[in-house]
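Enquirer: Residue numbers (numbering that gives the first Met the number 0): 0 to 112.
All C-beta atoms, glycine included, are put in the ideal place defined by N, C-alpha and C.
Remember, predicted model here, so these are calculated numbers, not experimental data.
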Amino acid sequence: MIQDIVSKAKTNTDFRQVLENGVHTQIVIMSIPVGGDIGEEIHTDNDQVLFLVEGEGKVILNGVESPYKTGDIVLVPAGTKHNFINTGSTDLKIITTYSPPHHPPGTIHHIKP
0 MIQDIVSKAK
10 TNTDFRQVLE
20 NGVHTQIVIM
30 SIPVGGDIGE
40 EIHTDNDQVL
50 FLVEGEGKVI
60 LNGVESPYKT
70 GDIVLVPAGT
80 KHNFINTGST
90 DLKIITTYSP
100 PHHPPGTIHH
110 IKP
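Listed below in structure tokens is the structure:
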């Protein structure tokens with residue numbers, strides 16, 4: 000798989016879109032609207048890496064809040080309570096991976112489920 004994933008992430012308007020699945024890893028792009036969030040969650044069986052392509056917000060990992068800005072990457076180990084919140088004036092555009100895959104192949108959520 001070779002794609003211009005940054006351009007895809009920048010133009011994506013879906014909350015979540017699965018791009019590729021491997022045996023052990025999945026690539027997903029996300030768009031979080033102004034004032035929105037991913038939603039507090041814990042993945043017990045998946046590590047997740049989130050790269051912020053555009054926007055600004057905050058990350059909460061196990062209750063610890065940190066700023067999140069364009070170019071930042073965050074590793075969320077399995078079992079970590081987390082949320083990503085858009086505090087900026089434009090949509091957050093995120094490229095994320097799950098290891099192992101978390102969503103069914105081809106999943107598209109136009110809005111936050």
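Does the Cβ-Cβ distance between A77 and T43 come in under 8 Å?
Expert: It is a contact, given that the beta carbons lie within the stated cut-off.
Enquirer: From which residue to which residue does the alpha helix (DSSP H) around K9 run?
Expert: Element bounds for K9: 4-10.
Enquirer: Under the assumption that L74 contacts F83 (Cβ atoms under 8 Å), give the Cβ distance between them as a whole number of angstroms.
Expert: Not really, about 13 Å apart at Cβ, beyond 8 Å.
Enquirer: Would the stretch 93-102 count as touching the stretch 45-53 if we require 3 or more Cβ pairs under 8 Å?
Expert: As far as the Cβ criterion goes, the stretch 93-102 touches the stretch 45-53, which means the pair count is three or higher.
Enquirer: Which same chain residues, not among the five before or five after N61, have their C-beta less than 8 Å away from its C-beta?
Expert: Same-chain partners within the cutoff: T79, K80, H81.
Enquirer: Can you pull the DSSP bridge partners for V17?
Expert: For V17, which the question treats as bridged, DSSP gives the partners V27.
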